Amino acid sequence: MKYLPAMKTASVQQVPQQWPEILRWVAAGEEVQVTQQDQVIARVVPAKSVATPDFLARAKAVWGEAPPGKPLSAVVSAARGGES
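In this note's numbering, each residue carries its 1-based index in the sequence shown increased by 15.
Listed below in structure tokens is the structure:
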């Protein structure tokens, strides 16, 4: 017979004093249930890793190496009366 490890719990009163320890548990992959009067009212769970989109590759796929048109610096310079 397999026994499942007991889930970590902390009462609402314990959370402020034990927050660093609770964060260590969560960082180690454990879920912590927060209880109030023996009722579970919240769960603190490890964050899921989220892949960051490659915005530069996406822009290059849409516009190529450079967007069409004049560079913004040339537009600003022309608007100020300079040469473009």
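Ideal Cβ positions, reconstructed from N, Cα and C, are used throughout, including at glycine.
Quantities reported herein were computed from a predicted structural model and do not represent experimental measurements.
Specify, as a first and last residue, the run of the alpha helix (DSSP H) that residue i falls within.
| i | result |
| --- | --- |
| residue 41 | 29-42 |
| residue 75 | 70-78 |
Tell me, to the nearest whole angstrom, how far the beta carbon of residue i is from that of residue j; I am working on the premise that it is less than 8 Å.
| i | j | result |
| --- | --- | --- |
| residue 31 | residue 44 | No, residue 31 and residue 44 are not in contact; Cβ-Cβ is about 23 Å, not under 8 Å. |
Per DSSP, what kind of secondary structure is residue i in: helix, strand or coil?
| i | result |
| --- | --- |
| residue 47 | strand |
| residue 60 | coil |
| residue 55 | strand |
| residue 95 | coil |
| residue 89 | helix |
Can you check whether the CB of residue j is closer than 8 Å to the CB of residue i?
| i | j | result |
| --- | --- | --- |
| residue 41 | residue 59 | yes |
| residue 52 | residue 22 | no |
From what residue to what residue does the beta strand (DSSP E) around residue i run?
| i | result |
| --- | --- |
| residue 25 | 23-26 |
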